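Okay, so here's the structure we're looking at.
Protein chains: 2
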Amino acid sequence: MTGPGPAGDDAGNTDLGTVFRALTDEHRRTVIAELAADGSDRERTCNSFDLPVSKQTQTHHFRVLREAGLIHEINYGNRKGIRLRRTEIDRRLPGLLDLLIAERRDTGS
Amino acid sequence: MTGPGPAGDDAGNTDLGTVFRALTDEHRRTVIAELAADGSDRERTCNSFDLPVSKQTQTHHFRVLREAGLIHEINYGNRKGIRLRRTEIDRRLPGLLDLLIAERRDTGS
DNA sequence: CCTCAGGTACGAAGTTCGTCGTACCTTCAG
DNA sequence: CTGAAGGTACGACGAACTTCGTACCTGAGG
């Protein structure tokens, strides 16, 4: 079951409520903001985001982001690859990533 | 004491988390989308939005929107005026209102 | 084989959120 | 003044959310 199921990614059916609810949490917002600020679609590991929560909670957060259609999770069994769905997001929610990048820029100052 | 108090509106201190949390609820999203689609800053009554919830719940929702810096509440004692903070929103969160309008357009079809 | 590290599934505890009931306040109409 | 309508404050209840503990699975390396 690595990925034959067409279901699992709801990028085509997510409404604004699901997206906003996913982006309510600061940790999840950090993940998306980092991915958005990167500029490239390169794959990242879950560990590369220094989330101050346990493994189980990280699994939960990435699942919420995936079900909101914001990221792509590639399961390698042992490892997991995280990738931003920039194309879909920019097409369906233009300006959203810029909002997150801008907030992170202000917060980081 | 109709409105001399400068405090009460947090438009200058709200973060994205507060805004997204406010926009998570479908009723609140409907209110903002309607206000945004209007185009003018004309004042509206709470009753003009046909929210299928009780008065107390409406009070709660409008308070959340106000604390998120999205609307302006004018208290007439007996009545209450609702007004969109379009200028501040467009300045600090450009593209957000367009997202809400677009979703409402799709949902309404 | 066994061990280890990354990830997941299930369940529990604590918190937040949406909703309403009851009671009270404010303004307008009579 | 009395009543009616809109709004608010406080409290309560159920649902959802965040977090973690425990147990289990998967792949790499000795």
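Residue numbers (the working numbering), protein chains in the order written: chain A, 15 to 123; chain B, 15 to 123.
A virtual CB, placed ideally from N, CA and C, is assigned to each residue, including glycine.
The model shown is predicted, which means the values in this text are computed figures rather than measured ones.
- Here residue 53 of chain A is exposed, its C-beta having fewer than 16 other C-beta atoms within 10 Å.
- For residue 28 of chain A, the closest of A/76, A/116 and A/107 by C-alpha to C-alpha distance is A/107.
- Against chain A, the CB of residue 43 of chain B has a partner CB under 8 Å away; the residue lies at that interface.
- The beta carbon of residue 66 of chain A does not come within 8 Å of any beta carbon belonging to chain B, so the residue lies off that interface.
- Against chain B, the CB of residue 83 of chain A has no partner CB under 8 Å away; the residue lies outside that interface.
- The contact set of residue 35 of chain A on chain B, defined by CB atoms closer than 7 Å, consists of 38 in chain order.
- In the DSSP secondary-structure assignment, residue 107 of chain B is not bridged to any residue.
- DSSP places residue 95 of chain A within a strand segment (E or B) once states are collapsed to three.
- Residue 76 of chain A is positioned such that its CB atom lies closer than 8 Å to that of residue 60 of chain A.
- Under the DSSP definition of a beta bridge, residue 85 of chain B partners with B/98.
- Between residue 98 of chain B and residue 51 of chain B, the CB-CB gap reaches or exceeds 8 Å.
- For the options A/37, A/120 and A/83, the alpha carbon positioned closest to that of residue 96 of chain A is the one of A/83.
- Among the residues of chain A, none has a CB under 7 Å from the CB of residue 104 of chain B; the nearest is roughly 11 Å distant.
- Interface with chain A (8 Å Cβ-Cβ cutoff): residue 107 of chain B is included.
- When secondary structure is reduced to three states using DSSP, residue 58 of chain A falls in the strand class.
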